[in-house]
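Asks: Residue numbers (my numbering): 123 to 218.
1) Use the C-beta contact count for residue 143: other C-beta atoms within 10 angstroms, 16 or more gives buried, fewer gives exposed.
2) Near residue 177, which residues of its chain fall below 7 angstroms by C-beta distance, leaving aside the five closest residues on each side in sequence?
3) The beta strand (DSSP E) with residue 182 in it runs from where to where?
4) Closest by CA to residue 180, which one among 172, 189, 208, 174?
5) My output table needs one value for residue 217: the three-state DSSP class, helix, strand or coil.
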């Protein structure tokens, strides 16, 4: 749970300044483990209101989300259920 809260805090801090390649009106695409849904939904509306950007979230099992990232080549943030999926994603150069 603590890892999830820290990850969400990092997300909020990272998303405060949009990347230069991202248009201000584009939605932020988040791939989020289903186990983190309650925490993300708790901050989602506040973020959208404060920064006037929509947040598009895909929930599911971490491995499925990682596969979706690989296939689609899209996404701004990946919040897996545990850190092992971050290591896998980095190994495959799917996430930074």
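Here a beta-carbon is modelled for each residue, glycine too, at the ideal position from N, C-alpha and C.
Replies: Walking through what the data contain:
1) To locate residue 143, count along the chain shown from 1; it is residue 21. Confidence at residue 143 is low in this model, with a pLDDT of 49, below 50, so the placement of that residue is unreliable and no value is reported for it.
2) In the chain shown, residue 177 corresponds to position 55, counting from 1. Only 149, 150, 152, 166, 169, 170 meet the Cβ criterion.
3) The residue you call residue 182 lines up with position 60 of the chain shown. Looking at the DSSP string, the run of the beta strand (DSSP E) that includes residue 182 is 177-182.
4) Here residue 180 refers to the residue found at position 58 of the chain shown. The shortest C-alpha separation from residue 180 is found at 189.
5) Here residue 217 refers to the residue found at position 95 when the chain shown is read from its first residue. Reduced to three states, the DSSP call for residue 217 is coil.
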